[in-house]
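In my numbering, the protein residues as written are 449 to 811. Virtual Cβ for every residue (Gly too), placed ideally from N, Cα, C. In what follows, a structure is listed as structure tokens, so that the remarks can point back to it.
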């Protein structure tokens with residue numbers, strides 16, 4: 449099985465905007481994206497997941513959602529294979545992140561819950577499937593996130609430069625590839641901007657930051673949000689929608705007189721831009737590479753560039769598709785699991801040792 453080179457990575461992030469699929473050719477020394485596909489996330493299913501996160505859920509609801517998501521991931525993978533005339537017999541394994549429902553690495557009993565049954569996906573697709581990556585790191589004392597830094601290290605390390613890489617999804621995480629190998633979750637990426645505009649205008653996101661650009665930055669609100677304990681906490685740290693959500697935002701807004709919607713949207717964009725730039729400036733990076741869905745927001749890219757003390761580029765500058773970088777990551781993690789290669793996150797998540805990540809469901 450391990451002699452074949454083709455792996456599929458599947459990613460559904462905290463933005464809940466789509467299921468990303470990446471077909472990769474992977475060897476010990478290289479990874480190449482061969483084909484990719486983004487499947488729209490069903491609106492009703494998205495709303496169900498958000499309700500599960502916001503309110504107490506029954507075991508039945510969680511169990512059924514595990515299978516519902518697995519059916520979505522399976523049908524998406526099978527459609528991808530059919531549309532690209534790819535034989536499932538040529539695929540070594542699927543690396544399935546699953547949909548994060550809750551991430552709690554600092555509990556007395558720490559865990560991270562990603563739904564999307566590996567058993568169901570393996571059965572429906574007829575391909576060995578690797579899932580449940582984060583709990584292996586947590587079991588070794590780590591945060592269980594972020595994992596992107598190890599993959600960024602494979603793609604973007606440059607001998608002559610100290611490079612920082614930021615992935616802007618629902619959350620934003622940073623990798624530092626310089627004198628040290630570091631990484632952590634910065635905080636909110638698109639999640640608060642998306643949440644607010646969905647509520648106020650019933651739009652999935654603010655394309656190019658147009659609505660934010662029409663508003664005026666509220667410095668007092670921005671400073672209040674920047675004082676949140678998560679932003680003040682030293683790395684290693686990780687977070688998710690269980691922390692940065694509508695409740696978080698409403699709590700911050702409660703201390704202010706009613707503000708214009710556009711001003712709130714503008715300030716939320718500035719929060720994301722400021723926290724990203726602060727992280728890169730703190731590391732004194734020579735270059736900041738941005739990837740993830742947030743890169744498409746031209747106003748956000750502009751603000752990060754203006755606030756950063758170094759050159760800011762998109763990952764596409766290096767020939768890496770920012771839309772499918774996370775899906776590629778999970779194809780690579782599946783490769784590592786199949787080959788029984790441990791990954792060292794000790795300087796990123798503060799795991800006590802290198803970990804063999806992922807549970808393998810064979811067909």
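Neighbourhood of residue i by C-beta, 6 Å cutoff - its chain only, sequence neighbours within 5 removed
{"i": "residue 804", "result": "790"}
Straight-line gap, residue i to residue j (C-alpha atoms, nearest Å)
{"i": "residue 786", "j": "residue 602", "result": "18 Å"}
{"i": "residue 678", "j": "residue 774", "result": "24 Å"}
{"i": "residue 697", "j": "residue 669", "result": "11 Å"}
{"i": "residue 714", "j": "residue 653", "result": "13 Å"}
{"i": "residue 731", "j": "residue 718", "result": "20 Å"}
{"i": "residue 797", "j": "residue 743", "result": "25 Å"}
{"i": "residue 779", "j": "residue 702", "result": "43 Å"}
{"i": "residue 587", "j": "residue 793", "result": "13 Å"}
{"i": "residue 623", "j": "residue 612", "result": "5 Å"}
{"i": "residue 699", "j": "residue 620", "result": "21 Å"}
{"i": "residue 520", "j": "residue 466", "result": "11 Å"}
{"i": "residue 479", "j": "residue 527", "result": "23 Å"}
{"i": "residue 509", "j": "residue 494", "result": "14 Å"}
{"i": "residue 470", "j": "residue 457", "result": "5 Å"}
{"i": "residue 748", "j": "residue 740", "result": "12 Å"}
{"i": "residue 460", "j": "residue 665", "result": "31 Å"}
{"i": "residue 577", "j": "residue 754", "result": "43 Å"}
{"i": "residue 814", "j": "residue 477", "result": "Given that the chain is displayed from residue 449 to residue 811, the structure contains no residue 814 and the question cannot be resolved."}
{"i": "residue 545", "j": "residue 625", "result": "24 Å"}
{"i": "residue 489", "j": "residue 745", "result": "20 Å"}
{"i": "residue 453", "j": "residue 542", "result": "12 Å"}
{"i": "residue 761", "j": "residue 738", "result": "6 Å"}
Paired residues, beta bridge with residue i - DSSP
{"i": "residue 613", "result": "623 and 737"}
{"i": "residue 468", "result": "459 and 486"}
{"i": "residue 543", "result": "457 and 578"}
{"i": "residue 791", "result": "803"}
{"i": "residue 809", "result": "577"}
{"i": "residue 559", "result": "552"}
Neighbourhood of residue i by C-beta distance below 8 Å, restricted to the same chain and skipping five residues each side
{"i": "residue 551", "result": "560, 561, 582, 592, 593, 686, 687, 688 and 690"}
{"i": "residue 523", "result": "572"}
{"i": "residue 484", "result": "468, 469, 470, 471, 769, 771, 772 and 775"}
Distance cut-off 8 Å: residue i Cβ against heavy atoms of the ligand COA
{"i": "residue 455", "result": "This structure lacks the ligand COA, and indeed carries no ligand of any kind."}
Close-in-space but distant-in-sequence residues of the same chain around residue i (CB under 7 Å, 5 per side omitted)
{"i": "residue 758", "result": "728, 733, 734, 735 and 736"}
{"i": "residue 547", "result": "460, 497, 517, 562, 563 and 564"}
{"i": "residue 808", "result": "576, 578 and 785"}
Query - Continuous alpha helix (DSSP H) assignments of at least 4 residues falling wholly in the segment 615-700 - result: 639-649, 658-661, 667-674 and 677-680
Query raised in the report: Does the segment 620-636 come close enough to the segment 672-691 that 3 or more CB-CB pairs lie under 8 Å?
Result: yes
Query - Uninterrupted beta strand (DSSP E) stretches inside the segment 736-787 (no shorter than 3 residues) - result: 759-762
**Report entry** Inside the segment 477-513 only - beta strand (DSSP E) runs reaching at least 3 residues
**Finding:** 479-488
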